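> Structure incoming, see below.
Chains as they are written, first to last, in our numbering: chain A, 124 to 244; chain B, 124 to 244.
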């Protein structure tokens with residue numbers, strides 16, 4: 124069991140092709156004993172973005188603050204604080220931050236469909 | 124796939140013994156096709172609380188706004204916006220709201236250890 128604040132947890136730059144100005148903190152993950160899913164916090168700087176990609180596991184996302192867009196179903200859709208986004212497995216997606224940056228939670232299952240540990244879980 | 128805002132989604136009172144002044148909205152769940160975990164939003168009125176209980180599945184919680192306390196490890200601990208709480212399976216817990224009320228996300232696996240669907244998923 125644990126209590127950690129997203130604004131007091133060190134974040135690490137996301138090192139992945141296609142990423143610009145994004146950092147991540149794993150808030151609850153496999154090493155904390157989470158048996159089913161992991162909770163990560165992302166910050167994307169103004170003008171930054173996450174990779175445009177798809178993978179064999181889903182995302183459940185919550186927009187904490189700021190603003191931006193998510194690519195989903197082939198179109199970019201506006202995001203604001205309080206939005207919940209469900210991105211099923213194998214759907215192409217990307218998050219882009221607007222002027223004020225974008226802070227969001229992104230949850231993933233700890234195991235992908237192929238049975239391997241999910242990256243960043 | 125979907126985008127829904129927690130402040131624009133109708134909430135239903137939580138009807139359960141030991142609950143006072145709590146409402147819930149299922150934001151992403153089994154009916155949306157979520158294969159592994161469900162995302163719910165809770166609001167607890169000032170002075171209200173969730174049940175003091177334990178169950179065979181974990182919670183991952185994010186405090187969106189307001190203030191309150193969580194019973195965890197036998198003690199009540201202060202909560203503030205941005206806090207992430209991990210409550211492992213079979214750990215007794217309860218959320219209590221302070222003067223400004225408490226709004227939080229609470230995620231659960233869609234299937235409990237016994238194999239049944241998790242309530243509220």
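Glycine included, C-beta positions come from ideal geometry on N, C-alpha and C. None of these values were measured; they are calculated from a predicted model.
#1: Give the residues of chain A in contact with residue 200/B, contact being defined as C-beta atoms less than 9 Å apart.
#2: Starting from the Cα of residue 237/B, find the closest Cα among 228/B, 178/B, 210/B and give me that residue.
#3: Taking all protein chains shown into account, do 16 or more other C-beta atoms lie within 10 angstroms of the C-beta of residue 176/B, making it buried, or fewer, making it exposed?
#4: Can you tell me where the beta strand (DSSP E) holding residue 138/B begins and where it ends?
#5: Answer yes or no: does any C-beta atom of chain A fall closer than 9 Å to that of residue 230/B?
#6: Just the C-alpha distance for residue 185/A and residue 202/B, rounded to the nearest angstrom, thanks.
#7: Could you tell me which of 196/A, 195/A, 180/A, 154/A sits nearest to residue 125/A, measuring between CA atoms?
#8: Is residue 200/B helix, strand or coil when you go by DSSP?
#9: Taking the alpha carbon of residue 168/B as the reference point, which residue from 158/B, 190/B, 149/B, 152/B has its own alpha carbon closest?
#10: Cutting at 6 Å between CB atoms, please list the residues of its own chain near residue 143/A, excluding the five before and the five after it.
#11: Is there a C-beta anywhere in chain B that falls below 9 Å from the one on residue 195/A?
#12: Which class does residue 153/A belong to by DSSP, given the choice of helix, strand or coil?
#13: So for residue 172/B, helix, strand or coil by DSSP?
#14: Under 9 Å between the Cβ atoms of residue 160/A and residue 230/A?
#15: What whole-angstrom Cβ distance do residue 166/A and residue 139/A have, given they're in contact under 8 Å?
#16: Restricting to Cα atoms, I'd like to know which of 132/A, 199/A, 147/A is closest to residue 215/A.
This is what the structure gives:
#1: Residue numbering aside, residue 200/B sits at position 77 when the second chain is read from its first letter. Per Cβ cutoff of 9 Å: 126.
#2: Taking the first residue of the second chain as position 1, residue 237/B is located at position 114. Ranking the options by Cα distance to residue 237/B, first place goes to 178/B.
#3: In the second chain, the residue the question calls residue 176/B occupies position 53. Answer is exposed; the Cβ neighbour count stays below 16.
#4: Taking the second chain and counting its residues from 1, one reaches residue 138/B at position 15. Unbroken run through residue 138/B: none, as it is neither H nor E.
#5: On the second chain, position 107 is the one that residue 230/B refers to. Yes, contact with chain A.
#6: Sequence index remark: in the first chain, residue 185/A carries index 62 (1-based). Sequence index remark: in the second chain, residue 202/B carries index 79 (1-based). Going by the C-alpha atoms only, they are around 19 Å apart.
#7: Taking the first residue of the first chain as position 1, residue 125/A is located at position 2. Selected option, being the one with the closest Cα: 154/A.
#8: Translated into positions along the second chain, residue 200/B becomes position 77. Reduced to three states, the DSSP call for residue 200/B is strand.
#9: Here residue 168/B refers to the residue found at position 45 of the second chain. Of the candidates 158/B, 190/B, 149/B, 152/B, the one whose C-alpha sits nearest the C-alpha of residue 168/B is 190/B.
#10: For the purposes of this step, residue 143/A is taken as residue 20 along the first chain, with counting starting at 1. These residues qualify, in order along the chain: 171, 172.
#11: Stepping through the first chain from its first residue, residue 195/A is reached at position 72. It does; some Cβ of chain B falls within 9 Å.
#12: For the purposes of this step, residue 153/A is taken as residue 30 along the first chain, with counting starting at 1. In the structure shown, residue 153/A sits in a helix (DSSP, three-state: H, G or I).
#13: Working through the second chain from its first residue, we reach residue 172/B at position 49. Residue state, collapsed to three classes: strand.
#14: To locate residue 160/A, count along the first chain from 1; it is residue 37. To locate residue 230/A, count along the first chain from 1; it is residue 107. Contact flag set, yes.
#15: As a first step, residue 166/A must be located in the first chain, where it is residue number 43. As a first step, residue 139/A must be located in the first chain, where it is residue number 16. Actually they are not in contact, since the Cβ atoms of residue 166/A and residue 139/A sit about 15 Å apart, beyond 8 Å.
#16: As a first step, residue 215/A is located in the first chain; it is residue number 92 there, counting from the start. Residue 215/A has its Cα closest to that of 199/A, out of 132/A, 199/A, 147/A.
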